[in-house]
Amino acid sequence: MSVASQDTAIRTGRVMRTLIYLVLLLFTLFYMLPLYVMVVNSVKPLDEITGGGMMNLPQVFTLEPWAKAWSSAQIGVEPTGLSPYFWNSIKMVVPAVAISTVLGALNGYVLTKWRFRYDTIVFGLILFACFIPFQIVLIPMAKMLGLMGLAGTTWGLVLVHVVYGVGFTTLYFRNYYAVFPTELIRAAQIDGAGFFQIFWRILLPSSGPIAVVSIIWQFTNIWNDFLFGASFAGADSQPMTVALNNLVQASHGVKEYNVHFAGAILAALPTLLVYIVAGRYFVRGLMAGSVKG
Amino acid sequence: MALSANADFKTRLQAWLPKLVLSPSLAMVLVFVYGFILFSVYLSFTDSRLLPSFGWVGWENYSKLWRLSHWETSITNMGIFAALYIGICTVLGLGLAIFLDQKIRGEGFIRTIYLYPMALSFIVTGTAWKWFLDPGIGLENVMQSWGWTSFEFDWIKNRDFAIYTVVLAAVWQTSGFVMAMFLAGLRGIDNEILKAAQMDGASNWNLYRRIIIPQLRPAFLSAFVILSHLAIKTFDLVIALTGGGPGRATELPATFMYSYTFSRNQMGIGAASATIMLMTIAAIMIPYLYAELREKK
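Residue numbers (our numbering), protein chains in the order written: chain A, 160 to 452; chain B, 394 to 690.
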């Protein structure tokens with residue numbers, strides 16, 4: 160991960176070390192507990208859960224809850240399962256991540272290599288936008304999406320996520336390009352390279368790592384968003400998080416906890432997978448968003 | 394002649410290009426963020442109900458808001474939630490970071506496990522904890538079926554304690570992240586100073602108290618800013634975990650705003666509550682961002 164592995168000079172005794180390992184183990188169990196609960200209960204029949212066996216391994220192993228959560232559980236009024244909503248999320252996430260990352264890269268390039276008067280103020284304005292409570296924009300956004308004819312559509316959600324994500328992507332690329340040697344840019348300029356040529360030929364080839372950070376951050380945030388999805392999505396553009404919430408909160412019929420758990424894992428799987436495969440970059444994104452470098 | 398005019402146009406274009414490239418994002422932010430903020434703040438002074446309306450009513454929405462017991466509950470809950478959430482995450486994050494910094498075997502693996510909740514949606518977190526804490530099927534039921542028949546744990550269904558279950562789930566989600574922030578801070582501390590102090594016979598406790606923890610000030614500040622801003626924005630977790638209930642026991646400003654605006658058709662009051670949320674976050678974020686950006690110049 161992003162933290163440099165230089166260990167402390169502090170030395171600890173044997174008893175203390177045992178204690179430390181014990182505490183660390185205890186918290187490992189604490190952090191694993193909900194995942195364990197979700198996984199084991201998603202593969203057992205309902206009566207094993209209601210009979211007090213939530214913490215037990217399944218006696219009868221079944222993938223029925225997964226199949227039901229994916230393709231036949233009642234979501235709202237339709238027994239469609241979560242699969243259409245999964246695809247809704249994909250259709251929303253992919254363009255939103257791509258557009259906001261490209262914009263962030265261009266903004267970061269301009270703000271570091273083509274500095275102009277008040278550029279820090281412009282960056283400050285863009286950056287503050289990341290931290291506003293989104294409640295303050297919900298009402299006008301709903302009206303605006305209506306005016307633009309995007310109310311209840313996936314493209315409306317893409318627009319919303321691009322607008323409120325571009326601050327973070329700009330932050331990432333700006334901090335990354337800030338330490339890129341400006342002399343190289345000047346040299347290329349003297350050789351007659353233009354604005355976009357310099358970006359394509361010089362900056363972009365070395366932007367791999369920060370692009371990964373930006374893509375992962377945007378993917379995680381947009382996939383996990385609930386507020387915008389709940390506020391602006393129509394019946395056929397609802398994202399996964401909203402559908403999962405509808406599944407779990409449904410007040411009619413028997414509560415199928417095993418199906419709920421399977422659904423929760425389905426909603427968590429894409430971001431969890433990204434975290435497992437590219438955790439290093441995920442942490443870098445988190446840190447850059449907190450310690451503004 | 395024509396050639397030089399063309400070249401002139403090209404240089405001028407090159408000079409304008411950077412600003413041109415930046416302008417769509419800037420325009421977007423100016424309209425969708427700052428324009429919308431002004432619009433919402435304006436609405437908070439109007440008689441908007443189901444739809445935006447422009448009849449000016451002055452401070453009426455604000456005075457109504459502060460007389461609502463629903464809002465009072467939300468604010469009280471916010472106080473309890475924010476204090477506990479920020480406090481516990483900070484203490485836990487720092488403690489775990491210090492422990493993990495002691496040349497621990499399998500550190501990378503442990504870090505991965507502490508941090509994965511950060512990758513999950515609050516709806517997923519809320520669902521998992523909702524059923525785990527549910528007295529009917531979760532912890533209480535499990536303990537009783539294991540033979541501890543008098544075991545009771547119904548906080549999530551109890552008006553006086555439900556807010557603490559929100560704290561629990563939120564701490565579970567973010568404390569690993571705070572740990573990572575402190576760990577990065579710890580790794581940046583110069584070992585030479587520590588060794589010198591050790592030679593002078595300083596105990597580990599004193600090393601941490603006098604030298605290490607004071608040097609973590611920037612990490613404390615970042616953690617505080619990030620956690621307080623997350624606390625004020627908390628919405629999905631409450632929706633998934635308790636739905637604001639039982640009754641209104643776990644309502645927060647964000648859920649209040651949502652229900653007043655979209656289900657109770659009191660848009661003016663909803664906008665007023667959103668304005669208060671924004672002001673609170675701005676009071677924390679603006680000085681922080683200002684200081685961060687000025688340092689970088």
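We put the CB at the ideal spot given by N, CA and C, even for glycine.
The structure displayed is predicted, hence computed values, not measured ones.
Cβ of residue i within 8 Å of any chain B Cβ
i, result
"W273/A", "yes"
"Q377/A", "no"
"T221/A", "no"
"F385/A", "yes"
"Y440/A", "no"
"V436/A", "no"
"T177/A", "no"
"M160/A", "Because M160/A carries a pLDDT of 40, less than 50, the predicted location of this residue cannot be relied on, and the following value inherits that uncertainty. Yes, M160/A lies at the interface with chain B (some Cβ there is under 8 Å from its Cβ)."
"V450/A", "Because V450/A carries a pLDDT of 45, less than 50, the predicted location of this residue cannot be relied on, and no value is offered for it."
"A423/A", "yes"
"K302/A", "yes"
"L403/A", "yes"
"T209/A", "yes"
"V281/A", "yes"
"T341/A", "no"
"N247/A", "no"
"P299/A", "yes"
"A163/A", "The predicted position of A163/A is uncertain, since its pLDDT is 46 and thus under 50; a value taken from the coordinates is nonetheless stated next. Judged by the 8 Å Cβ criterion, A163/A is in contact with chain B."
C-beta atoms of residue i and residue j nearer than 8 Å
i, j, result
"G136/A", "N380/A", "The structure shown has nothing for residue 136/A, since chain A only spans 160 to 452."
"M650/B", "S666/B", "yes"
"A664/B", "S456/B", "no"
"L241/A", "M399/A", "yes"
"M670/B", "I295/A", "yes"
"K203/A", "N417/A", "yes"
"F354/A", "Q407/B", "yes"
"A168/A", "K588/B", "yes"
"V182/A", "L419/B", "no"
"A402/A", "I234/A", "yes"
"S259/A", "V321/A", "yes"
"E644/B", "S467/B", "yes"
"I369/A", "I344/A", "no"
"K272/A", "T341/A", "yes"
"I606/B", "I586/B", "no"
"A447/A", "V372/A", "yes"
Candidates the options: closest to residue i by CA position
i, options, result
"I556/B", "A624/B, Y681/B, L458/B and R498/B", "A624/B"
"F385/A", "S462/B, K412/B, A675/B and L630/B", "L630/B"
"F378/A", "Y440/A, F282/A and F186/A", "Y440/A"
"G480/B", "G636/B, I619/B and Q407/B", "I619/B"
"D547/B", "S538/B, G540/B, N534/B and W541/B", "N534/B"
"T483/B", "M574/B, A642/B and R498/B", "M574/B"
"A562/B", "A647/B, R498/B and L513/B", "L513/B"
"F391/A", "G311/A, A352/A and V413/A", "G311/A"
"F332/A", "E223/A, G367/A, I349/A and L184/A", "G367/A"
"F186/A", "S568/B, M536/B, L526/B and N454/B", "S568/B"
"Y509/B", "W565/B, R498/B and W459/B", "W565/B"
"F544/B", "F628/B, L526/B and L489/B", "L526/B"
"I179/A", "K496/B, Y435/B, A475/B and P528/B", "K496/B"
Proximity test, Cβ basis, 8 Å: residue i and chain A
i, result
"N470/B", "no"
"G486/B", "no"
"M678/B", "yes"
"V414/B", "yes"
"L682/B", "yes"
"T654/B", "yes"
"A595/B", "no"
"A633/B", "yes"
"K626/B", "yes"
"P607/B", "no"
"M394/B", "Bear in mind that the predicted position of M394/B carries a pLDDT of just 44, short of 50, making it unreliable; the figure below should be weighed with that in mind. Cβ-Cβ to chain A under 8 Å: no for M394/B."
"S514/B", "yes"
"S543/B", "no"
"F505/B", "Correcting the residue type first, residue 505/B is Thr in the shown sequence and not Phe. Output row for T505/B: interface = yes."
"L561/B", "no"
Rounded Cβ spacing between residue i and residue j (contact assumed at less than 8 Å)
i, j, result
"G486/B", "M572/B", "4 Å"
"L445/A", "M511/B", "7 Å"
"L318/A", "M251/A", "So it is not a contact: roughly 10 Å between Cβ atoms."
"L406/A", "F245/A", "In fact, because the Cβ distance is near 12 Å, the residues do not count as touching under 8 Å."
"V559/B", "F628/B", "The pair is not a contact, with the Cβ atoms about 11 Å apart (cut-off 8 Å)."
Residues that residue i contacts on chain E, provided the C-beta gap is smaller than 8 Å
i, result
"T668/B", "Here the protein chains are A and B, and chain E is not one of them."
Segment contact, 8 Å Cβ cut-off, at least three pairs: the region 490-509 of chain B with the region 518-529 of chain B: The way I'd put it, the region 490-509 of chain B doesn't touch the region 518-529 of chain B; fewer than three beta-carbon pairs between them come closer than 8 Å.
At least three beta-carbon pairs within less than 8 Å, the region 606-615 of chain B to the region 411-430 of chain B: no
Stretch-stretch touch, CB-based, cutoff 8 Å, three pairs: the region 216-226 of chain A with the region 279-294 of chain A: Touching, no.
Cβ pair count under 8 Å reaching 3, the region 438-452 of chain B against the region 653-662 of chain B: yes
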